[in-house]
Structure formats: structure tokens, C-alpha cells
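Pasting the structure below:
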């Protein structure tokens, strides 16, 4: 009976996996076609061509878009780590007034869609003279409540005896955070970095609205500049999309092992 259930589960997972990977396969197949064969079935026999990828990488601003995107992603993740990790440690280990109320307010902010703040943020950035600069993307990414909650929960799983041992050795909270909590939280931090990279790299709406200069644009929204007189050049845009997901795939492959590691694998057992 167990074997049948296992086979059924495996079959369902295979079906779901194929359904999820189909759009990516379609994207790559169409990106290797001339524009006149976009709407043909992906099984339609066509001689593959790299002309669409050539149009993307030879665009005069393509290198600028890649550099701008990497700059925004790296700076945002570094600042997020500097803000989120100490804040998570404070909520998980320190006792201060109204900490529960403050955490509840932060959790409530998750229910507010970011789209509802677009107009107010637009005028806010204009007032601070940040419009059309990378900081309109970086500043909102300094802290994300979801990752704060993730790190709080992870830090709470670390035994308090380690804090007591660090206190006996004369270590303060900053030293305990740097030398104990951060090394033991590698899986959670790796998850935060990966998901942050994906979300910021794929961010379309914010740079589309708040960055107007084509040379300052990020890679994902910059794909809209591949237009023709008759409309969007879909194969070229899909070729750009295929190029854009390469860094995400590389990062995921290099960090996926951390998703299966737990607290015990981080040095707490024994």
C-alpha cells in the first residue's frame, strides 16, 4: 500500500514539475525563433537562430542595465542584512517596552499591498530628489518584514544557554550576534539572500515607474525597450528574459544545499 501511495505521489510531483517548467521551455523555444513564427506551437519544426540574443546583448544600453541591476541588488541585500539581522536579534533575545506591539504593527504591514503606496511614494521621492536614481529601489528594500520574521523565528530556536555562555565570557550582544547567531543561521541567511536576489532582480513595477532614464533602467523593465513599429518584438524580449534568469539559476544551484540544512547541521548538536 505504501508503494502505491509513493508511486502516486511521485507521479503527481512529476506532473506538477512539468507544468511548472513548461513556460520556461516555451520561453527558450520562442526566443530561438524569428518573429514571424511566435504563435506557432513549440513543437513546430524551426531552425533555431541566435539573432534574438544578439539583438539583446548588442543593444547599446545592455551592459548599463546589467551593471545597474547588479548594483541595486548587491547594495539592497547588504543593507537588508545590516538592518534585519540586528533587528531580529533584538526581537528574539532582548526585552524592551512595547516590543510585542511593534512586532504586531510590522506584521500588520504585510497586509498592505505595495501598489497602494505607489502614488505617495512617487511624490515622496520627488520631494527628496531621489526620483530617477537607484535609491528609489534600494531604500524600500532596506528591511522586509517577511525576512525579519524569518530570522526572528530562527534566532528563537537557538538555545539561550549560548547567550549565557557568551555573557559569562564577557561578550556583549553585538559580539554574540556576530560570533554565535549569524554563523549558526547560515541556512536562514542563505534563504533570505536568495529570495531577496530573486525579488529585487525581477522587480518590474518600481523601476518602471520611478526610473525614467533608459541608461539608468534595470534589466527586467528595460526589456520593454525592445519594440518594433508593429508592437513588441516578443522573441527578442523572451531572449532577454532567458538571459535575465541565468544569474538566478546560478545562485539557486550554488545555495540550494542550505535549504535542507537545519539548526542541528549548523553546529548545535552534541
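In our numbering, the protein residues as written are 565 to 834. Backbone N, C-alpha and C define an ideal beta-carbon position, used for all residues, glycine too.
- Query: Can you tell me where the alpha helix (DSSP H) with residue 710 in it begins and where it stops?
  - Reply: 709-720
- Task: Report yes if the C-beta distance between residue 752 and residue 718 is below 7 angstroms; otherwise report no.
- Result: yes
- Query: Mind checking residue 790: buried by the 16 CB within 10 Å criterion, or exposed?
  - Reply: buried
- Count the other CB atoms, across all protein chains shown, that sit within 10 Å of the CB of residue 569; report buried if there are 16 or more and exposed otherwise. exposed
- Task: Report yes if the C-beta distance between residue 800 and residue 618 is below 7 angstroms; otherwise report no.
- Result: no
- Ordered list of alpha helix (DSSP H) runs contained in the region 639-714, each at least 4 residues: 663-672, 682-691 and 699-702
- Select from 726, 690 and 803 the residue whose C-alpha is nearest the C-alpha of residue 598. Nearest to residue 598 by C-alpha distance, out of 726, 690 and 803, is 803.
- Taking buried to mean at least 16 other C-beta atoms within 10 Å of its own C-beta, is residue 756 buried or exposed? buried
- Item | residue 662 beta carbon less than 7 angstroms from that of residue 716 | no
- Item | Nearest-angstrom beta carbon gap, residue 632 and residue 778 [assumed within contact, 8 angstroms] | That belief does not hold up - the Cβ atoms of residue 778 and residue 632 are roughly 11 angstroms apart, past 8 angstroms.
- Query: Since residue 647 and residue 707 are thought to touch, with beta carbons under 8 angstroms apart, how far apart are those beta carbons, to the nearest angstrom?
  - Reply: 5 angstroms
- Spatial distance of residue 644 from residue 726 (CA atoms): Spanning the alpha carbons of residue 644 and residue 726 requires a straight line of approximately 25 angstroms.
- Task: Pull up the CB-CB distance for residue 765 and residue 723, whole angstroms please, since I reckon it's below 8 angstroms.
- Result: Not quite, the Cβ-Cβ distance comes to about 36 angstroms (not below 8 angstroms), so this is no contact.
- Task: Could you pull out every residue in the same chain whose Cβ sits closer than 6 angstroms to the Cβ of residue 694, ignoring the five residues on either side in sequence?
- Result: 700
- Message: How far does the alpha helix (DSSP H) with residue 774 in it extend, from its first residue to its last?
- Response: 769-774
- Item | Chain-order list of residues whose beta-carbon lies under 8 angstroms from that of residue 680 (same chain, five-residue window excluded) | none
- Assumed close pair residue 773, residue 816 - CB separation to whole angstroms, cut-off 8 angstroms: Between residue 816 and residue 773 the Cβ distance is about 28 angstroms, and since that is not below 8 angstroms, they are no contact.
- Query: Grouping DSSP H, G and I as helix and E and B as strand, with all else coil, what is residue 574?
  - Reply: In this structure, DSSP gives residue 574 a helical state, which the three-state scheme calls helix.
- Query: Which residues mark the beginning and the end of the alpha helix (DSSP H) in which residue 842 is found?
  - Reply: This structure leaves residue 842 out entirely; the chain is present only between 565 and 834.
- Item | Local Cβ density within 10 Å of residue 760, reported as buried at 16 or more and exposed below that | buried
- Message: At the level of alpha carbons, what is the spacing between residue 607 and residue 641?
- Response: 41 angstroms
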